[in-house]
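Visitor: Numbered per the working numbering, the sequence shown spans residues 2 to 266.
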Amino acid sequence: MNTKFFITLACSLVLFMNSCNPFQMIIGDGNLTTQEINIEDYNVIEAAQTMTINYTQSEDAPMFTVTTDQNILEMYDIRTSGNKLFIKPKDEFRRANFRPTEFTVTTRSKGLKKAEVAGSVHFNVDNTFTGDNLELDLAGSGTINLRDSVFVDILDVDLAGSATLNATYMNGRKFDGDIAGSGKLNMGGIMTEASLDIAGSGTVRAFDLQVEDLKCDIAGSGDIEISVSNSISADIAGSGRIKYKGNPQTVRKSVAGSGSIKQVD
Numbered sequence: 002m003n004t005k006f007f008i009t010l011a012c013s014l015v016l017f018m019n020s021c022n023p024f025q026m027i028i029g030d031g032n033l034t035t036q037e038i039n040i041e042d043y044n045v046i047e048a049a050q051t052m053t054i055n056y057t058q059s060e061d062a063p064m065f066t067v068t069t070d071q072n073i074l075e076m077y078d079i080r081t082s083g084n085k086l087f088i089k090p091k092d093e094f095r096r097a098n099f100r101p102t103e104f105t106v107t108t109r110s111k112g113l114k115k116a117e118v119a120g121s122v123h124f125n126v127d128n129t130f131t132g133d134n135l136e137l138d139l140a141g142s143g144t145i146n147l148r149d150s151v152f153v154d155i156l157d158v159d160l161a162g163s164a165t166l167n168a169t170y171m172n173g174r175k176f177d178g179d180i181a182g183s184g185k186l187n188m189g190g191i192m193t194e195a196s197l198d199i200a201g202s203g204t205v206r207a208f209d210l211q212v213e214d215l216k217c218d219i220a221g222s223g224d225i226e227i228s229v230s231n232s233i234s235a236d237i238a239g240s241g242r243i244k245y246k247g248n249p250q251t252v253r254k255s256v257a258g259s260g261s262i263k264q265v266d
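Printed below as a string of structure tokens:
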């Protein structure tokens, strides 16, 4: 993703979340209800506000259940349209700030191409995931947890704010990660190539991720740890740091400021 475009998008999302009228605070009434909602199959998820989403990839029929306060559930638009699953406040409540007692979603589909979430959303992929390309966009203070193995050709992750990605094991051709803010990427697995772009104080903890070729750009005080076997191309503007394990054949670096790149055991 183009860095300038991503930063603009991230700022817009953050401004949207922060623009909520403080007099529109909606607190859960404590009357928890669990409902199963009929949906069509989907491969894109769009969600906003505060919730936990537990997603499973399955060949079984698509499924969706939600547990939350009765008064909050009535204010949400939950539906599928085309190939998308929407979990968002209705238009008249889109500027409200929700404080649910609980908001837990359990859902499944045959596959997933994109998840776009904003706010304090915790998105969990609970089983082994396979697919071609997977894009995960998270703006806010939430987390994405890839709890089992992920096998894809391209995995594209964009974090804005203080969001976090935890990926136990991923395997594929390319990982593309962008952080705008203080987000964190914690990753393991094997990728042929990786591209990392940090604007701000983001961190990448990926000594357990083995890549052949690494391209990275840091603007600010970002921090990257990763294992590389073939080549590194790094640009740092500011006090960013890159630490790598392995013996790449080529290391090209450009540093403007007090940043550094070094090999570690």
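Beta carbons are placed, not taken as given, at the ideal position from N, Cα and C, and that holds for glycine. Since the model is a prediction, treat every value here as computed from it, not as a measurement.
Count Cβ pairs between the region 40-48 and the region 99-115 that sit closer than 8 Å; are there 3 or more?
Guide: Verdict: yes, contact present.
Visitor: Taking C-beta to C-beta, are G29 and T102 nearer than 8 Å?
Guide: Yes, the Cβ-Cβ distance between G29 and T102 is below 8 Å.
Visitor: Which same chain residues, not among the five before or five after R1, have their C-beta less than 6 Å away from its C-beta?
Guide: No information on residue 1 is available, as it lies outside the stretch 2 to 266 that the chain covers here.
Visitor: Between which two residues does the alpha helix (DSSP H) holding N72 run?
Guide: N72 -> alpha helix (DSSP H) spans 71-74.
Visitor: Among the candidates R253, S230, K175, S222, whose CA atom is the shortest distance from the CA of G239?
Guide: The shortest Cα separation from G239 among R253, S230, K175, S222 belongs to S222.
Visitor: Leaving aside the five residues before and after R174 along the sequence, list all residues of the same chain whose C-beta is less than 8 Å from its C-beta, in chain order.
Guide: If we look at R174 and ignore the five residues flanking it on each side, its Cβ neighbours are D154, I155, M192, T193, E194.
Visitor: Unbroken beta strand (DSSP E) runs of length 3 or more, entirely within the region 152-229: which are they?
Guide: DSSP runs (the beta strand (DSSP E)) wholly in the region 152-229: 155-162, 165-182, 185-201, 204-221.
Visitor: Of all the beta strand (DSSP E) runs that stay within the bounds of the region 106-156, which reach a length of 3 or more residues?
Guide: Listed in chain order, they are 115-126, 134-141, 144-152.
Visitor: Taking Q58 as the reference, give the member of S163, S196, D127, R96 with the closest Cα.
Guide: Closest by alpha carbon: D127.
Visitor: Do E226 and A207 have their C-beta atoms closer together than 8 Å?
Guide: Yes, the pair counts as a contact, with Cβ atoms nearer than the cut-off.
Visitor: When DSSP labels each residue in this structure, what does M2 get in the three-state scheme?
Guide: At M2, the pLDDT of 48 sits below 50, so the modelled position is not reliable; the number obtained from the coordinates is stated separately. Coil, per DSSP.
Visitor: For I262, is the classification buried or exposed, using 16 other Cβ atoms within 10 angstroms of its Cβ as the cut-off for buried?
Guide: Buried, since its Cβ has 16 or more Cβ neighbours within 10 Å.
Visitor: With 16 as the cutoff for other CB atoms within 10 Å, does S259 come out buried or exposed?
Guide: Its Cβ having fewer than 16 others within 10 Å, S259 is exposed.
Visitor: Check this for me: beta carbons of Q211 and S228, under 8 Å apart or not?
Guide: Closer than 8 Å, so yes.
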